[in-house]
Amino acid sequence: MKSRLNAALVLVALGVLARAATAHMKITFDETNPGKLPKGWETGITGKGKAKWEVVSDDTAPSRPNVLKQSGEATFTWAAKTDEHIQDGFAEVKFKPIAGKEDQAGGIVFRFRDANNYYIVRANALEDNVVLYKTVNGKRSSLQVKGRTFGYGVDTNVPSRKWSTLRVEFHGNLFTVFFNGKKLFEVEDDTFKDAGAVGVWTKADSVTLFDDFSVGTK
Numbered sequence: 006m007k008s009r010l011n012a013a014l015v016l017v018a019l020g021v022l023a024r025a026a027t028a029h030m031k032i033t034f035d036e037t038n039p040g041k042l043p044k045g046w047e048t049g050i051t052g053k054g055k056a057k058w059e060v061v062s063d064d065t066a067p068s069r070p071n072v073l074k075q076s077g078e079a080t081f082t083w084a085a086k087t088d089e090h091i092q093d094g095f096a097e098v099k100f101k102p103i104a105g106k107e108d109q110a111g112g113i114v115f116r117f118r119d120a121n122n123y124y125i126v127r128a129n130a131l132e133d134n135v136v137l138y139k140t141v142n143g144k145r146s147s148l149q150v151k152g153r154t155f156g157y158g159v160d161t162n163v164p165s166r167k168w169s170t171l172r173v174e175f176h177g178n179l180f181t182v183f184f185n186g187k188k189l190f191e192v193e194d195d196t197f198k199d200a201g202a203v204g205v206w207t208k209a210d211s212v213t214l215f216d217d218f219s220v221g222t223k
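If you want the working numbering, it's the 1-based position in the sequence shown plus 5.
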């Protein structure tokens, strides 16, 4: 009887540790061989074109040696960690736009259902703004900033060829966006309520590097 109780307590403790381990995860891409994709990640596009996601070495990486690079060209491209689904939590990534005549964008997808249905917050170095959108059945539309009746996201300096940090916190229908540690705005929306994957995103001809992708439920 005592041995059974001890075994049960061990299992409970292991369960608590497992939950704690998944409460906050940081992916540096350094354990993935160059030319490959991280385990548990899938890539694709929304719209037309072709994505090219791969892990590469980069001397400027915040956590050297590797980063995740997107150098294809499509309407929208995404790389999602589809083996983890989160309903409420946060996602954060460091990104560096290095080229693009039409766009130089880097973003985060969350509550990602499939290639055509997800939330996306992105920063664009050519427009110097940060905007949160929903993509429904492949159609992207911007979401209104809370407390405002007009406008398109928030204007802020988004440097090209330099590393910046983008973060989104999502709880229920409230989403809070941060850029380089500064809170920019909030959005409320009820389109996607269930848990979904998280990942990163680019647009058009953006060539963008990503590193230190963090995600958690707290």
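All C-beta atoms, glycine included, are put in the ideal place defined by N, C-alpha and C.
Straight-line Cα distance separating residue j from residue i
i           : j           : result
residue 90  : residue 212 : 27 Å
residue 114 : residue 58  : 15 Å
residue 74  : residue 146 : 25 Å
residue 187 : residue 112 : 16 Å
residue 223 : residue 154 : 30 Å
residue 43  : residue 34  : 7 Å
residue 133 : residue 157 : 12 Å
6 Å CB neighbourhood of residue i in its chain, flanking five on each side removed
i           : result
residue 97  : 172 and 219
residue 195 : 178
residue 39  : 60, 61 and 62
residue 32  : 218
Among the options, nearest to residue i - alpha-carbon criterion
i           : options               : result
residue 70  : 222, 221, 216 and 223 : 216
residue 221 : 34, 197, 92 and 43    : 92
residue 131 : 210, 174, 155 and 64  : 210
Cβ pair residue i, residue j closer than 8 Å
i           : j           : result
residue 46  : residue 127 : no
residue 56  : residue 77  : yes
residue 224 : residue 135 : The displayed coordinates of the chain run from 6 to 223. Any statement about residue 224 would go beyond what the structure contains.
Proximal residues to residue i (C-beta, below 7 Å), its chain only, five neighbours per side dropped
i           : result
residue 117 : 85, 123, 201, 202, 203 and 204
residue 53  : 79 and 80
Whole-Å CB distance - residue i paired with residue j, under 8 Å assumed
i           : j           : result
residue 191 : residue 151 : 4 Å
residue 214 : residue 101 : 4 Å
residue 129 : residue 149 : That pair is no contact at about 18 Å.
Close Cβ partners of residue i (< 8 Å) along its chain, the five nearest in sequence each way excluded
i         : result
residue 5 : Absent from the structure is residue 5, since the part of the chain shown begins at 6 and ends at 223.
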